[in-house]
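Below you'll find the structure, written out as structure tokens, and then a few comments.
There are 2 protein chains.
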Amino acid sequence: MHRLVREVIAPAFDMHELSDSAVLDLPSGGRLALTTDSYVVSPLFFPGGNIGDLAVCGTVNDLAVMGARPLHLTAGFILEEGFPLDFLQKILLAMADAARRAGVRIVAGDTKVVDRGKCDGMFINTAGVGHVPSGIRLGAEQIQPGDRILVSGPLGTHGIAVMAERNGLSFHPPIISDTAALNGLVESLLAVSSGGIRMMRDPTRGGLVTTLKEIAEESNRRLEIRETQVPVLPGVQGACELLGLDPMHVANEGVLTAIVSPEDSRDVLEAMKQHPLGKNAAVIGEVRDEDDQKVVLRTPLGAARMLDMLTGDQLPRIC
Amino acid sequence: MHRLVREVIAPAFDMHELSDSAVLDLPSGGRLALTTDSYVVSPLFFPGGNIGDLAVCGTVNDLAVMGARPLHLTAGFILEEGFPLDFLQKILLAMADAARRAGVRIVAGDTKVVDRGKCDGMFINTAGVGHVPSGIRLGAEQIQPGDRILVSGPLGTHGIAVMAERNGLSFHPPIISDTAALNGLVESLLAVSSGGIRMMRDPTRGGLVTTLKEIAEESNRRLEIRETQVPVLPGVQGACELLGLDPMHVANEGVLTAIVSPEDSRDVLEAMKQHPLGKNAAVIGEVRDEDDQKVVLRTPLGAARMLDMLTGDQLPRIC
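Protein chains in written order, with my numbering: chain A, 1 to 319; chain B, 320 to 638.
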């Protein structure tokens with residue numbers, strides 16, 4: 001997928017990468033963040049959410065981690081002929097509820113119906129616009145050696161929840177997707193930092209490792225993670241061991257990672273922990289001097305292991 | 320489809336209608352137009368275009384007819400596993416070319432792959448933002464009795480071109496989709512009018528009749544059309560007769576209809592005719608005093624026929 005986007009799709013539009021978000025200057029002044037995501041999660045309903053709130057939260061989060069205030073979403077529906085009306089209504093209500101809670105409005109929409117067998121129930125695209133306050137400058141180019149790497153919550157719960165539902169597995173206690181809008185959390189972090197938040201990302205598809213690897217490449221730095229500091233719920237840890245998965249490769253939908261200056265890291269961590277979505281927040285590592293773009297995991301015994309994006313999709317259709 | 324959107328989808332978001340476009344005020348000042356459309360056209364390639372340029376032009380046109388200058392698009396791709404790479408590249412090049420010609424940039428994208436048989440080759444969502452210059456006020460509430468109804472080009476060519484390709488029909492001369500970006504045409508119309516352009520629309524799915532019926536409902540007026548004035552290419556007319564279709568119900572992708580004050584209608588018509596996309600432009604009727612929200616067709620013999628949206632989809636997956 002990464003290769004497809006890098007080698008085929010992005011070059012067609014004269015870009016090195018076709019990121020799912022962009023910040024743009026407007027003719028009328030001000031900066032706008034713009035993002036799009038299509039959702040093809042299977043199954044459509046899973047513990048903790050459905051494709052509807054996922055589609056709203058995912059796009060809100062893409063905007064929020066850019067430092068934008070999410071304002072408006074569009075929703076494009078592709079429905080399979082005969083899709084049950086009560087499923088559709090449940091999904092729409094979940095979208096409306098998620099939008100209300102995130103403080104955004106769904107202002108435009110489009111619906112297409114395709115014949116039976118030509119799509120898998122329902123796909124949703126949400127695009128979003130947000131306003132980037134002046135003074136907000138986030139990006140990999142801000143990253144300095146010594147910066148701390150924070151995560152706001154335990155890893156891998158969304159991916160495991162969807163995968164379990166898809167395969168008819170149940171865990172006790174059940175594993176519930178973390179699907180949530182992160183814009184409130186982001187605002188509280190920006191409020192306590194004194195410019196030390198370098199960048200944020202929400203580690204969805206491919207999990208935390210994929211996101212950190214992208215950050216390492218974009219910043220031309222090494223990121224070093226301490227294994228013991230990485231928060232994972234015991235149930236998710238157990239499920240991952242059972243299934244041969246690494247929770248750091250599994251998708252999240254309500255977690256962000258932030259790269260923060262040493263000076264601001266304590267206040268930002270504290271603000272995370274104060275927020276309902278950040279109770280398990282932790283400093284999990286730091287940015288190193290080396291410019292080898294590697295993500296290195298330190299084990300409790302001091303050994304170092306290189307982490308990389310997976311080739312192939314470990315958990316397809318997770319979002 | 321109209322009922323589904325009106326009775327299920329829009330109410331979920333506390334709206335009467337979930338239009339595919341919206342105009343928004345920005346915190347930084349200025350007005351922004353926002354739109355989304357998903358494209359599921361089948362087949363993906365048709366005479367005169369493919370799903371790629373269709374997806375760019377369609378969204379550019381949604382913005383343009385709101386009086387917005389289209390600026391930036393996002394593109395969300397859903398691909399079926401095993402989708403041929405050379406098809407993908409052709410489609411992407413068509414998108415890039417259409418964007419360049421329309422003067423917009425594709426700034427963010429997302430790609431999802433679903434397993435074989437779970438989507439029909441490829442679906443594309445494009446969302447777009449445009450800048451609405453101050454002073455532009457378009458909308459059904461501006462419409463007055465006596466206003467003229469203009470169309471910029473001959474009707475039904477896109478729908479017939481796609482339908483012919485889908486069913487292996489060929490016509491001589493071939494019928495070529497009118498897929499084109501209308502923003503240049505719109506700018507030239509706005510430039511010559513002195514505020515008399517009340518509203519514009521691009522009659523896509525459901526054709527001109529569906530669009531006029533929506534305008535009649537929104538403006539609470541009757542619209543009267545003179546059958547002999549409606550431009551239709553002879554080949555499209557012949558194909559429609561053969562197939563039992565009405566060209567006024569067939570989709571267009573490079574035509575706009577404008578409601579224009581009597582004072583401005585001559586200049587706007589002239590500006591249309593000067594533009595490469597408007598050579599067949601015509602005044603086809605006018606807005607009447609009656610508030611019965613009807614669309615009435617006057618035949619050459621003076622008879623009146625009510626026109627209405629079709630129930631059911633005459634030509635599904637045409638865009």
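Backbone N, C-alpha and C define an ideal beta-carbon position, used for all residues, glycine too.
Hey, could you find the ends of the alpha helix (DSSP H) residue i is sitting in?
{"i": "residue 554 of chain B", "result": "553-562"}
{"i": "residue 251 of chain A", "result": "That residue, residue 251 of chain A, is in no alpha helix (DSSP H); it is neither H nor E in DSSP."}
{"i": "residue 406 of chain B", "result": "404-421"}
{"i": "residue 58 of chain A", "result": "51-64"}
{"i": "residue 484 of chain B", "result": "476-486"}
List, in chain order, every chain A residue whose beta-carbon is nearer than 8 Å to that of residue i.
{"i": "residue 568 of chain B", "result": "The premise fails here: residue 568 of chain B is roughly 18 Å from chain A at the closest Cβ pair, so nothing lies under 8 Å."}
{"i": "residue 425 of chain B", "result": "13, 18"}
{"i": "residue 340 of chain B", "result": "108"}
{"i": "residue 411 of chain B", "result": "8, 9, 12, 13"}
Under 8 Å, do residue i and residue j count as touching if we go by C-beta distance?
{"i": "residue 20 of chain A", "j": "residue 438 of chain B", "result": "no"}
{"i": "residue 469 of chain B", "j": "residue 637 of chain B", "result": "no"}
{"i": "residue 239 of chain A", "j": "residue 160 of chain A", "result": "yes"}
{"i": "residue 369 of chain B", "j": "residue 410 of chain B", "result": "yes"}
{"i": "residue 147 of chain A", "j": "residue 300 of chain A", "result": "no"}
{"i": "residue 501 of chain B", "j": "residue 423 of chain B", "result": "no"}
{"i": "residue 305 of chain A", "j": "residue 297 of chain A", "result": "yes"}
{"i": "residue 519 of chain B", "j": "residue 474 of chain B", "result": "no"}
{"i": "residue 472 of chain B", "j": "residue 373 of chain B", "result": "no"}
{"i": "residue 129 of chain A", "j": "residue 551 of chain B", "result": "no"}
{"i": "residue 563 of chain B", "j": "residue 457 of chain B", "result": "no"}
{"i": "residue 235 of chain A", "j": "residue 171 of chain A", "result": "yes"}
{"i": "residue 446 of chain B", "j": "residue 390 of chain B", "result": "no"}
{"i": "residue 485 of chain B", "j": "residue 361 of chain B", "result": "yes"}
{"i": "residue 414 of chain B", "j": "residue 371 of chain B", "result": "yes"}
If the cut is a Cβ gap below 7 Å, which residues of chain A does residue i touch?
{"i": "residue 430 of chain B", "result": "1, 4, 5, 9"}
{"i": "residue 639 of chain B", "result": "Outside the modelled stretch of chain B, which goes from 320 to 638, sits residue 639 of chain B, for which no answer is possible."}
{"i": "residue 500 of chain B", "result": "Those within 7 Å of residue 500 of chain B in chain A number zero; the least Cβ separation is about 16 Å."}
{"i": "residue 636 of chain B", "result": "114"}
{"i": "residue 343 of chain B", "result": "72, 107"}
Just to make sure I have the definition right: I need the residues of chain A whose C-beta is within less than 9 Å of the C-beta of residue i. Which are they?
{"i": "residue 439 of chain B", "result": "114, 115, 117, 118, 119"}
{"i": "residue 346 of chain B", "result": "30, 69, 71, 131, 133"}
{"i": "residue 382 of chain B", "result": "In chain order: nothing, as chain A lies at least about 11 Å away."}
For chain E, is any of its Cβ atoms less than 8 Å away from the one on residue i?
{"i": "residue 38 of chain A", "result": "Here chain E cannot be found, since the structure's protein chains are A and B."}
Hey, quick one: how far does the beta strand (DSSP E) through residue i stretch, first residue to last?
{"i": "residue 180 of chain A", "result": "Run containing residue 180 of chain A: none; DSSP gives neither H nor E here."}
{"i": "residue 219 of chain A", "result": "Run containing residue 219 of chain A: none in the beta strand (DSSP E); it sits in the alpha helix (DSSP H), 207-219."}
{"i": "residue 354 of chain B", "result": "350-358"}
{"i": "residue 80 of chain A", "result": "69-80"}
{"i": "residue 636 of chain B", "result": "Element bounds for residue 636 of chain B: n/a, residue is neither H nor E."}
{"i": "residue 307 of chain A", "result": "304-307"}
{"i": "residue 469 of chain B", "result": "467-470"}
DSSP state of residue i, grouped into three classes?
{"i": "residue 584 of chain B", "result": "helix"}
{"i": "residue 431 of chain B", "result": "strand"}
{"i": "residue 228 of chain A", "result": "helix"}
{"i": "residue 9 of chain A", "result": "helix"}
{"i": "residue 199 of chain A", "result": "strand"}
{"i": "residue 453 of chain B", "result": "coil"}
{"i": "residue 441 of chain B", "result": "strand"}
{"i": "residue 271 of chain A", "result": "helix"}
{"i": "residue 340 of chain B", "result": "strand"}
{"i": "residue 3 of chain A", "result": "helix"}
{"i": "residue 189 of chain A", "result": "helix"}
{"i": "residue 345 of chain B", "result": "coil"}
{"i": "residue 605 of chain B", "result": "strand"}
{"i": "residue 459 of chain B", "result": "helix"}
{"i": "residue 277 of chain A", "result": "helix"}
Would you mind telling me which residues of chain B sit closer than 9 Å to residue i, beta carbon to beta carbon, in chain order?
{"i": "residue 95 of chain A", "result": "331, 332"}
In chain B, what lies closer than 8 Å to residue i by C-beta?
{"i": "residue 89 of chain A", "result": "327, 331"}
{"i": "residue 85 of chain A", "result": "327"}
Since residue i meets chain B, which of its residues come closer than 7 Å, beta carbon to beta carbon?
{"i": "residue 310 of chain A", "result": "What residue 310 of chain A touches in chain B: nothing, since even the nearest Cβ is about 14 Å away."}
Does the region 143-153 of chain A come into contact with the region 44-61 of chain A, if we say contact requires no fewer than three beta-carbon pairs (one atom in each stretch) closer than 8 Å? no
Three-pair Cβ contact test at 8 Å for the region 533-543 of chain B versus the region 405-422 of chain B: no
Contact the region 575-591 of chain B vs the region 510-522 of chain B: 3+ CB pairs below 8 Å: yes
Is the region 169-178 of chain A in contact with the region 219-230 of chain A, if contact means three or more CB pairs nearer than 8 Å? The region 169-178 of chain A makes no contact with the region 219-230 of chain A; the number of CB pairs closer than 8 Å stays below 3.
Are three or more beta carbon pairs between the region 348-363 of chain B and the region 93-113 of chain A nearer than 8 Å? A contact exists between the region 348-363 of chain B and the region 93-113 of chain A.
Contact between the region 20-29 of chain A and the region 344-351 of chain B (3+ Cβ pairs under 8 Å): yes
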